[in-house]
Amino acid sequence: MNLVLIKNLILINMWSIRILTFIYVCFLSIKATAQEIPNDIPSPTVASLAKFGDIPVSMFTGTPKITIPIFELKSLEKSMPISLDYDASGFQINALPSCTGHNWTLQAGGVITRQRVGN
């Protein structure tokens, strides 16, 4: 009688181990299926066209605001970015290029100008 009881306990333990293993494998498969590749991968042509959407456009003039950051001077309280800005409003034929090139402007924290009043 004691031997039959031990066999039944072993069978119950084996079945409980099998059921727990089955449940564990099911949960692993659920976790693995959460990492699917999206179906809406754009073609390379469409992806290259989407790069132009990243450039901010001025709502007043409609020209793109193209800025190339070069460097940023940092101090304890302030920082001053240095960048090249492109003016895409058009190319004038008789205009002389600046030191940065046609329609390019070096933005380095400020401008000092003078305005003559009178003669």
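Residue numbers (the working numbering): 1150 to 1268.
All C-beta atoms, glycine included, are put in the ideal place defined by N, C-alpha and C.
Considering only C-alpha positions, which residue in the set the options is nearest to residue i?
| i | options | result |
| --- | --- | --- |
| serine 1232 | Val1260, Ser1165, Ile1219 | Ile1219 |
| phenylalanine 1209 | Ser1238, Asn1151, Thr1262 | Ser1238 |
| asparagine 1252 | Pro1213, Trp1164, Arg1263, Asp1236 | Asp1236 |
Mind checking which residues open and close the beta strand (DSSP E) that includes residue i?
| i | result |
| --- | --- |
| proline 1230 | 1228–1236 |
| isoleucine 1217 | 1214–1223 |
| leucine 1255 | 1253–1256 |
By Cβ distance below 8 Å, which residues in the same chain neighbour residue i in space, the five residues on each side in sequence not counted?
| i | result |
| --- | --- |
| lysine 1214 | Ile1204, Pro1205, Val1206, Ser1207, Asp1234 |
| threonine 1212 | Val1206, Asp1236, Ala1237, Ser1238 |
| phenylalanine 1240 | His1251, Asn1252 |
Output needed for residue i: all residues of its chain with C-beta closer than 7 Å, excluding positions within five of it in sequence on either side, in chain order.
| i | result |
| --- | --- |
| leucine 1255 | Leu1233, Thr1249 |
| serine 1228 | Glu1221, Leu1222 |
By Cβ distance, which residues of its chain are closer than 6 Å to residue i, with the 5 residues on each side in sequence left out?
| i | result |
| --- | --- |
| alanine 1257 | Ile1231 |
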